[in-house]
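The structure appears right after this line, and notes come after that.
Residue numbers (this note's numbering): 246 to 451.
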């Protein structure tokens, strides 16, 4: 009986170690983007630039109908994201937070400089589909160009919730994606020439 107990304890300890290792890869964290080696990288092309800039993370997109994102390299199932975001340039834009990124599919919690919002899912055909209606919806809770907006994205089970400046503005349920990476994104509409800055990103347990 003692031998059985020891074997059971050994396997239990091994399971705990393995689970702890998986959990450690997806720990909550905060990033104020003051350290260019914090894991988001940078890129520069004719169409867009993204990277660290004076303690914030910048997306600069110079062409119309372009969508750029960056992920961090961890896997989460349920997660709560918060960030402070501002933009300049063309108001026909969108920007926000990503959860459950896998194989270029993800949920995208987006707002725009002209006061619109949506929760999107990006499917296997690389198409964005709004889950909150036929198109982006208007909200007076969203502050205009140049002002800071505090965006919170909650991914908990099938529940997807978007908060802007402390107020819930959208909630939907979707079962398409169960887990994946987190990230930030920005895009342009019919005109290019937008800049979006992210700051004080928090990745939290919901």
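The beta carbon of each residue, even a glycine, is placed where N, CA and C say it ideally should be. No experiment lies behind these values; they were computed from the predicted model shown.
Host beta strand (DSSP E) of residue i (start-end)
i           : result
residue 436 : Note, residue 436: premise wrong, no beta strand (DSSP E); not H, not E.
residue 320 : Where residue 320 is concerned, there is no enclosing beta strand (DSSP E), given that its DSSP letter is neither H nor E.
Beta bridge counterpart(s) of residue i as assigned by DSSP
i           : result
residue 285 : Bridge partners of residue 285: none, in fact.
residue 350 : 347
residue 419 : For residue 419, which the question treats as bridged, DSSP gives no partner whatsoever.
residue 376 : DSSP lists no partner for residue 376.
residue 331 : 442
residue 447 : 275 and 327
residue 431 : 313 and 340
residue 355 : 341 and 363
Coil, strand or helix - residue i by DSSP
i           : result
residue 339 : strand
residue 387 : coil
residue 411 : coil
residue 298 : strand
residue 291 : coil
residue 360 : coil
residue 308 : coil
residue 403 : coil
residue 381 : coil
residue 270 : Bear in mind that the predicted position of residue 270 carries a pLDDT of just 47, short of 50, making it unreliable; the figure below should be weighed with that in mind. Three-state DSSP puts residue 270 in coil, outside helix and strand.
residue 395 : strand
residue 426 : strand
Chain B contact for residue i (CB, 9 angstroms cutoff)
i           : result
residue 374 : The structure shown contains no chain B; it is built from a single protein chain.
Beta carbon of residue i nearer than 9 angstroms to that of residue j
i           : j           : result
residue 309 : residue 433 : yes
residue 325 : residue 451 : yes
residue 443 : residue 407 : no
residue 362 : residue 381 : yes
residue 367 : residue 376 : no
residue 429 : residue 311 : no
residue 371 : residue 335 : no
residue 378 : residue 356 : no
residue 445 : residue 276 : yes
residue 291 : residue 280 : no
residue 393 : residue 359 : no
residue 317 : residue 419 : no
residue 295 : residue 278 : no
residue 398 : residue 313 : no
Contacting residues, own chain, Cβ-Cβ under 8 angstroms from residue i (five flanking each side not counted)
i           : result
residue 424 : 320, 321, 322, 345 and 347
residue 293 : 304, 305, 306, 307, 308, 311 and 313
residue 413 : 406 and 407
Cβ neighbours of residue i in the same chain (closer than 6 angstroms, five flanking residues each side left out)
i           : result
residue 395 : 329 and 410
residue 298 : none
residue 364 : 354, 376, 377, 405, 407, 415 and 417
residue 440 : 305, 333 and 334
residue 449 : 273 and 325
residue 287 : 296
Sequence-distant residues of the same chain with beta carbon closer than 7 angstroms to residue i, five excluded per side
i           : result
residue 269 : Low confidence applies to residue 269: its pLDDT is 39, below 50, so where it sits in the model is not reliable enough to give any reading.
residue 369 : 350
residue 266 : Its pLDDT being 35, under 50, residue 266 is placed unreliably in this model, and the value from its coordinates should be taken loosely. The answer is none, since no qualifying residue turns up.
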